[in-house]
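The structure appears right after this line, and notes come after that.
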Amino acid sequence: MLPDFAATVGALAATVAERERCATGSVQGARDFVLASFAAMPVYLRPPLRAATLFFDLWAVPRRGRLFHRLPPRQRRAQMEAWETGPARMLIRFYVSLVLVSLWHD
Amino acid sequence: MIDWDRFDLVVFDMDGTLYDQPPLRRRMAVMLARESIQSRSMAVARMLGAYRRRREALADTTAQDFAQEQYRLPGRDPETVRAVVREWMEERPLPLLRRFRVEGVEALFARLSVSCAVAVHSDYRVEAKLAALGLSARFTVAAEDVGRLKPDPAGLRWLMAAARADPARTLMIGDRDDRDGEAARRAGVRALIRGRDFRHYDEPIFRHAA
Ligand SMILES: [Mg+2]
Chain A
39 MLPDFAATVG
49 ALAATVAERE
59 RCATGSVQGA
69 RDFVLASFAA
79 MPVYLRPPLR
89 AATLFFDLWA
99 VPRRGRLFHR
109 LPPRQRRAQM
119 EAWETGPARM
129 LIRFYVSLVL
139 VSLWHD
Chain B
2 MIDWDRFDLV
12 VFDMDGTLYD
22 QPPLRRRMAV
32 MLARESIQSR
42 SMAVARMLGA
52 YRRRREALAD
62 TTAQDFAQEQ
72 YRLPGRDPET
82 VRAVVREWME
92 ERPLPLLRRF
102 RVEGVEALFA
112 RLSVSCAVAV
122 HSDYRVEAKL
132 AALGLSARFT
142 VAAEDVGRLK
152 PDPAGLRWLM
162 AAARADPART
172 LMIGDRDDRD
182 GEAARRAGVR
192 ALIRGRDFRH
202 YDEPIFRHAA
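Below is the structure:
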């Protein structure tokens, strides 16, 4: 059971998109947009962000018996929202704002 | 084939037509994500998202008083929305625009300007972006100038009147068929759509433009 960066980003994008229902645009588009934005970030920011994201994916394992990106939608949302107010809220805020931008219709 | 001698007026859309939008949006998104982290709030990102949706909705209707209407979002002060839009959609992207300018556009503007009027027609303000791109046009018109968003042909008609060009001698170049292409159809003007008809301005289709 290995954490997967792209799959975690995809699962987060879907969770945010589902919550912000009023937004237009596709989940696949949101995932691609977040991954492309990540690639456009300064080099020094990428490793810590990737590590934190993988940790976020793994965090579900001792609690739910599965990686975050393999959880059903309701549990994903619960974990995301728990983190949103927890000590690592910056990570979630980062992803939520990227997804929000990606969901703006072009 | 395009018979370039036929045109007295060539109208360009701005976003996605004169510069590449996706890489700019990614940079802006990262900037906005940093802002959300620093300010500990998603308010700006949410407000901009709501504003974009409002604009898209307004484009499909004919709202009177569009200039005011666009900033009216539920539960928000219109002045705050206007300030956030100005900062994030008009001012902050400016220094980034030049590097995403579409290949060949400067030379095309120069060649076209010899024999016809070059104009830029955008739903957003034009002048600052055009200057940031290192381009200039004889005429510019924004949605707020005519009170209508594309695909309403009001802006295109305004430009044709200003340039004294008739629809048969006008060409619209844009990147969205549902906005630029549709505005052109409603005005009886031919359109070229970037992404569908061409990708950049060094392509053969523009070779005889002069
Ligand atoms: Mg455009």
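Chains A and B supply the protein sequences, listed in that same order. Mapping of the first sequence onto my numbering: position 82 corresponds to residue 120, and the numbering continues sequentially without gaps. Mapping of the second sequence onto my numbering: position 52 corresponds to residue 53, and the numbering continues sequentially without gaps. We treat Cβ as the ideally placed atom computed from N, Cα and C, and that holds for glycine. Just so you know, these numbers come straight off a predicted model, no measurement behind them.
Under the 8 angstroms criterion on CB atoms, L138/A is classed as interfacial with respect to chain B.
Distances from the CB of G105/B to the heavy atoms of ligand 1 are all 7 angstroms or more.
The nearest non-hydrogen atom of ligand 1 is 7 angstroms or more from the C-beta of D198/B. Interface with chain A (8 angstroms Cβ-Cβ cutoff): S116/B is excluded. Think of a sphere of 7 angstroms around the beta carbon of L141/A: the chain B residues whose beta carbon falls inside it are G50, in chain order.
Secondary structure note for S42/B: it is in no beta strand (DSSP E), with a DSSP letter that is neither H nor E. Under a 10 Å Cβ-count criterion, M39/A is classified as exposed, with fewer than 16 other Cβ atoms of the shown protein chains found around its own Cβ. Bounds of the beta strand (DSSP E) holding A118/B are 118-123. Shown in chain order are the members of the stretch 115-134 of chain A whose Cβ falls below 7 angstroms from a Cβ of chain B: M128, R131, F132, V134. Under the Cβ distance rule, I38/B counts among the residues neighbouring chain A, one pair being separated by less than 8 angstroms. Close to A74/A, with beta-carbon spacing below 8 angstroms, are these residues of chain B in chain order: P23, R27. At least 8 angstroms separates the CB of L95/B from every CB of chain A. With a cutoff of 8 angstroms on beta-carbon distance, A126/A and A90/A are scored as near each other. Taking a beta-carbon distance threshold of 8 angstroms, V31/B counts as an interface residue toward chain A. Cβ-Cβ distances below 8 angstroms link P24/B to F101 in the same chain, with the five nearest sequence neighbours on each side left out; the list follows chain order.
Collapsing the DSSP output to three states places T62/B in coil. The stretch 106-124 of chain B and the stretch 132-142 of chain B touch, with no fewer than 3 CB-CB distances between them shorter than 8 angstroms. Closest option to L129/A, judged by alpha-carbon separation, among W159/B, R28/B, M15/B, M43/B: M43/B. Contact between the stretch 178-187 of chain B and the stretch 25-33 of chain B is not established, with fewer than three Cβ pairs separated by less than 8 angstroms. Look at M2/B: its C-beta is not under 8 angstroms from any C-beta on chain A. Shown here, Y133/A sits in a helix according to DSSP, grouped into three states. Under the 8 angstroms criterion on CB atoms, M43/B is classed as interfacial with respect to chain A.
A distance of 8 angstroms or more separates the beta carbons of V72/A and L33/B.
In this chain, the alpha helix (DSSP H) harbouring A185/B covers 183-188. For D21/B, DSSP assigns no beta-bridge partner whatsoever. Residue pairing of L10/B in beta bridges, as defined by DSSP: A118/B, T171/B. Boundaries for V142/B: no alpha helix (DSSP H) harbours it, while the beta strand (DSSP E) harbouring it runs 140-143, taken from the DSSP string.
Near chain A, meaning a CB-to-CB distance below 7 angstroms, no residue of the stretch 164-193 of chain B qualifies. When rounded, the separation of the alpha-carbon atoms in I206/B and P154/B is 25 angstroms.
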